[in-house]
Ligand code: F6R
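Numbering (the numbering used here), first residue to last: 1 to 248.
Following this line, the structure appears as structure tokens:
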């Protein structure tokens, strides 16, 4: 596990964007696993700028998003599809046919999960998976549980996650209670995993996830076992880590 501690959000975003930039330059037809939320906004802005400057192309890149709310369509302002369009896809030359996000309005959730896993299987391993970290240790929407969850599945969101997400909705009642997420297996099978974490509020969960035991009650802790995992965070998020021997 590599740890990069950045001065602030901006530097964290640039350092993580560098890793994606390198991946795309080295493998122009790579498969990127993407996340939404507030943590990657700066990364997407930086990649969009690099594209505008002619330094990178996404024409042959495939993206597979981690998750999507159930019950809202891709044009809904809070859907992850809308978020991705607004913050990245509309600014770069990615081809629509290479973009994959679960369909929040799928009639049959079971079939939708199978369809998404089939796509992941057909694309082969994700080359670089970008992640954020939930306040309860979730990755994607794999919430704390008694075992590590595998396969794309529909999850009932933890009340703390619904609370955290309510900042984006007008009323808390409007926050979806269910979401599709890829399983922990898909995340762990990625060749590289890059996680972004910022802010003092996440310092405790960072410490539990990366200096505590590997347990499904803290889903992110499994990343300690990933052979190519880079944690990119700001100083505040790193403030409770005891060991700094492996900091970059
Ligand atoms: C989003 C996702 C979530 C977020 C996590 C952190 O696609 O999979 O796991 O990464 O909830 O969200 P932020 O970055 O908003 O703190």
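For each residue, glycine too, the CB sits at the ideal point set by N, CA and C. Predicted model, so just to flag it, every value in this text is computed and none were measured.
As for any alpha helix (DSSP H) of minimum length 4 sitting wholly inside the region 58-140, the runs are 80-87, 109-123, ordered along the chain.
Just so you know, the alpha carbons of residue 174 and residue 26 end up roughly 42 Å apart.
When C-alpha distances from residue 180 are compared across 124, 205, 81, 214, the shortest belongs to 81. The ligand F6R approaches residue 36 closely enough that one of its heavy atoms is under 7 Å from the residue's Cβ. At a cut-off of 3 residues, the continuous stretches assigned as beta strand (DSSP E) that sit fully inside the region 195-239 are 229-234. Only residues of its own chain outside the window of five on either side were considered, and among them 194 have a CB closer than 6 Å to the CB of residue 19, listed in chain order.
Annotation: the continuous alpha helix (DSSP H) that includes residue 24 extends over 9-26. The beta carbon of residue 16 is closer than 6 Å to those of 43, 194, 196, 232 in its chain, skipping five residues each way along the sequence.
Judged by their CB atoms, residue 204 and residue 242 are not nearer to each other than the 8 Å cut-off. Per DSSP, the beta-bridge partners of residue 2 are 230.
In this structure, residue 222 has its beta carbon at no less than 7 Å from each heavy atom of the ligand F6R. Counting only the Cα atoms, residue 163 lies some 8 Å from residue 172. Shortest gap from the CB of residue 13 to any heavy atom of the ligand F6R: 7 Å or more. Exclusion of the five residues before and after residue 68 leaves 80, 101, 102, 104, 180 as the residues of its chain whose Cβ lies within less than 6 Å of its Cβ.
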